[in-house]
Amino acid sequence: MSNSSTLAIVLVLYLVIVVALYVWVALSLSAVFRKAGVESWRAWVPVFNIASLLQLGGLSPWLVLLGLVPVFGWLFLWVVVVVAAHRVNQGFGLGSGLTVLAALLFPVWATVVGFGSARWIAGPVAGPVRSSLRAPARVSSPMDAAAPPSSAAPLPAPADLAVADDAARPASTGAAPAAPLPPAAATAASAPTPAAA
């Protein structure tokens, strides 16, 4: 076997491995995106899939351009992707152990999150382009996430307040009732003026 045929076999094997890894990550990320309410096709577009993951994690998708800077840009992009994965884990109610998995074996992390039993509890994802995402809110349990936003007693309607206010007033003597002063005007009226002092 010559060197050129060995090189061709190695290159073909390398290409097959790279394509298989890409398909694995794209399938897994599409499952993650589908669970979070993001269009799953985004996982199949190179570079855009990482930008969408950053966006889902509450980071600017423009940070993906750090990949254009050799060495330090790649390292910083890796750190940013790990931070986004940590925030996505929080959005699914998962622990920080999976953040370590995302840092070391990203395809395995995406598979566990995408095809696991975790559900997105951070809230709905709005629209195809989200420019102002925030980090997912911390929720102690999925039961807390299902609670309505306001469990307090409803406030009385303004008409109810007017009826209660009329009942509390003493009977009028025929003169028109005086309107109460606003709080700022009431304190200003009772305070002595500098000219009078």
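Counting with full-length UniProt numbering, you get residues 1 to 197 for the letters of the sequence shown.
Note that the Cβ used here is the ideal one computed from N, Cα and C, for glycine as well.
None of these values were measured; they are calculated from a predicted model.
Once DSSP output is grouped into helix, strand and coil, what is the label at residue i?
i: Arg130; result: With a pLDDT of 45 at Arg130, under the threshold of 50, the modelled position of that residue is not reliable, and no figure is offered here.
i: Val71; result: coil
i: Ile121; result: coil
i: Ala104; result: Residue identity check: residue 104 is Leu in the sequence provided, not Ala. Helix.
i: Leu7; result: helix
i: Gly114; result: helix
i: Val82; result: helix
i: Leu59; result: coil
i: Leu94; result: coil
i: Val47; result: coil
i: Ala52; result: It is worth fixing the name first, because residue 52 is Ser in this sequence and not Ala. Residue state, collapsed to three classes: helix.
i: Val38; result: coil
i: Pro158; result: Only weak support exists for where Pro158 lies, its pLDDT of 49 falling under 50; the value from the coordinates is given anyway. DSSP places Pro158 in helix when its eight states are reduced to three.
i: Ser2; result: coil
Check each candidate in the options and name the one with the smallest Cα separation from residue i.
i: Gly58; options: Val47, Asn89 and Leu98; result: Asn89
i: Gln55; options: Phe76, Ala103 and Ala84; result: Ala84
i: Phe106; options: Asn3, Leu53 and Ala122; result: Leu53
i: Val82; options: Ser5, Thr6 and Ala103; result: Ala103
i: Trp109; options: Trp24, Leu65 and Trp120; result: Trp24
i: Trp120; options: Thr99, Leu21, Arg87 and Ala20; result: Arg87
Measure the CB-CB distance between residue i and residue j and report whether it falls below 8 Å.
i: Ala118; j: Gly93; result: yes
i: Leu63; j: Val80; result: yes
i: Gly73; j: Ala122; result: no
i: Asn3; j: Ala26; result: no
i: Ser30; j: Trp44; result: yes
Under 8 Å between C-beta atoms, does residue i make it to chain D?
i: Leu101; result: In the structure shown, chain D does not exist; there is a single protein chain.
*asked:* Three Cβ pairs or more, each shorter than 8 Å: is that satisfied between the segment 69-76 and the segment 32-48?
replied: no
*asked:* With a threshold of 8 Å, are at least 3 pairs of Cβ atoms found where one atom belongs to the segment 107-116 and the other to the segment 16-36?
replied: yes
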